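Every letter in the sequence shown is one number past the one before it in my numbering, and letter 48, counting from 1, is 129.
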Amino acid sequence: MPLGVRRFAFATLVTTVVALSTAIVADAGNGGFLPGGAASPNGEKIHTAFIVVAIFTGVILLGVEGALVAFVIKYRRGKRPRTAEGPQIHGSSKLEVIWTVLPVVILAIIGAVVFIELPGITNAPKAAAADETQVDIVGHQYYWLFRYPNGAVSIDRLVAPADEVVNEHITSPTWDVIHSWWVPDFGGKYDAIPGKVNKTWFKAPAGTYEARCYELCGIQHAAMKATVDVVPRAQYDSFIATRAQGGIALGQEEWQGVCEKCHRLGSKYIGPDLQGNPLLADRKGIETLLRNGQGQMPSVGRDWTDLQIDALVSYTKQFAKGGNG
Ligand code: CUA
C-alpha cells in the first residue's frame with residue numbers, strides 16, 4: 082500500500098472508532114437515540130412521523146454506505162497500473178427510471194404520513210370539547226406564568242387534570258421577547274410570541290413532565306425550566322381554587338421562579354444581593370420595581386394582578402431585615 086493510502090485508511094479507522102465510542106456515550110447518557118415515549122396524542126403523532134422517516138432514511142443510509150464499501154473493495158485497483166482507465170459506460174434506461182421513480186415514491190409516502198398525522202396538533206378533538214380546560218401559558222424573561230380559567234396563577238409549574246384535553250394558549254407580553262414552550266413528552270415546540278397566541282393541546286396520564294424554553298431569550302434562557310404536574314381532576318380543582326386566593330405558596334413560587342433567576346440572598350448574582358433589602362417588605366416600592374423594571378432588570382411583573390404582588394411581599398418580607406433570611 083502506498084503511504085498516502087495507508088495514512089488515509091489509518092485516519093478513517095481512528096475517526097470511526099472515536100465517532101462510535103462518543104455515540105455509545107451519548108446513547109447511554111440520554112437514554113437512547115430515539116425520542117422518549119410520548120405521553121400525549123400529539124406526541125404520539127410526532128413519534129410516528131419520526132419512526133416512518135427514520136426507517137426510510139435508515140434503509141437508504143445502510144444501502145448507500147453498504148454499496149459504497151462493497152464497490153470500494155470489489156473494484157479496488159489491486160495490481161492494475163495507476164493510469165489504467167476503467168470501462169466507459171453510457172446510460173442505462175432501466176437504472177435511471179428506477180433511481181427516479183423510487184425516490185419519488187418514498188417522498189410521497191413520507192409526505193402522506195406527515196400530512197395525515199400532523200395537522201391534528203393545533204385543533205383539539207371535537208368530542209372532548211365538553212371537558213376541555215384552557216390554560217394561558219405566558220413566557221417572560223425568565224419564567225413561565227400559567228393562568229387558569231378562574232384567574233389562579235402559578236409560576237414554572239403547570240398543574241393540569243389527568244386524561245383530559247387541556248388547551249394551551251401560548252404567548253408572551255408585548256413588551257417581552259420570543260420564548261418557546263416545549264414539553265418533549267407532549268410533542269412539538271410552540272413559540273411564545275409577544276402579542277400573538279399560539280394554540281395547542283395535550284391529554285396526558287397523571288405524572289410529572291419536564292418543560293423547557295427552546296428559544297434563546299436572554300441571559301437566563303437556560304434557567305427557564307418548568308414542570309407540568311398532571312394530577313387527578315379533584316386535585317386540580319382544589320389547587321386552582323386555593324391558588325385563586327393568592328397566598329404565601331404563590332409568593333414562594335414567584336420568589337423562586339422570578340426573583341431567584343437573577344438574585345440571591347447574601348451574594349451578588351446576575352443582579353444585586355437582596356439580603357436585607359428593605360424593598361422586600363415594601364409593598365408599594367416592590368410594585369413599582371416589578372411593573373417598571375430598573376436598569377438591566379426587565380419589568381417582570383408588569384402584567385401581574387395585585388393579588389400576585391401581595392403574595393410576593395407576604396413571602397419576601399422575611400428577607401427584608403438582615404440575618405440569614
Ligand atoms: Cu425563554 Cu429562552
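We treat Cβ as the ideally placed atom computed from N, Cα and C, and that holds for glycine. Here the structure is a predicted model, which means the values were calculated and not measured.
If you check the C-beta of residue 128 against the ligand CUA, you find no heavy atom less than 6 Å away. Take residue 248, set aside five residues on each side of it, and the residues of its chain with a beta-carbon closer than 6 Å to its own are 205, 213, 215 and 282, in chain order. One thing to note: residue 327 has its Cβ no nearer than 7 Å to the Cβ of residue 401. Straight through space, the alpha carbons of residue 240 and residue 320 are spaced by roughly 8 Å.
Taking 7 Å as the cut-off, the Cβ atoms of residue 290 and residue 264 count as close. Three or more beta-carbon pairs separated by less than 8 Å link the region 220-240 to the region 291-307, which places the two stretches in contact. For a cut-off of 8 Å, the C-beta gap from residue 342 to residue 375 is around 16 Å, too long to register as a contact. As DSSP reads the structure, residue 291 sits in a beta bridge with 308. Residue 340 has its CB no nearer than 6 Å to any heavy atom of the ligand CUA.
Where residue 281 is concerned, the enclosing beta strand (DSSP E) starts and stops at 279-283. The alpha-carbon of residue 140 is positioned some 28 Å away from that of residue 202. By the Cβ rule, the region 265-285 counts as touching the region 117-134, because three or more pairs are nearer than 8 Å. Short note on residue 249: C-beta not closer than 6 Å to any heavy atom of the ligand CUA. Judged by DSSP in its simplified three-state form, residue 341 adopts helix. Just so you know, the alpha carbons of residue 256 and residue 179 end up roughly 56 Å apart. Counting only runs of 4+ residues, the alpha helix (DSSP H) found wholly inside the region 138-202 occupies 174-198, in chain order. Counting of Cβ neighbours within 10 angstroms places residue 349 among the exposed residues, the total staying below 16.
Residue 218: member of the beta strand (DSSP E) spanning 214-221, first to last residue.
Annotated as distal: residue 347 and residue 333, with beta-carbon spacing of 7 Å or more. Taking 7 Å as the cut-off, the Cβ atoms of residue 244 and residue 259 do not count as close. Cα atoms of residue 190 and residue 279: separation of roughly 29 Å, rounded to the nearest angstrom. Per DSSP, the continuous alpha helix (DSSP H) segment holding residue 387 begins and ends at 387-397. In the DSSP assignment, residue 272 falls within the unbroken beta strand (DSSP E) covering 270-273. In the displayed model, residue 319 falls within a helix according to three-state DSSP. Residue nearest to residue 121 within the set 386, 288, 95 and 307 is 288 (criterion: CA-CA distance).
The count of Cβ pairs closer than 8 Å, one atom from the region 172-187 and one from the region 97-112, stays below three, leaving the stretches out of contact. Exclusion of residue 171 from the 6 Å shell around the ligand CUA follows from its C-beta lying no nearer than that to any non-hydrogen atom of the ligand.
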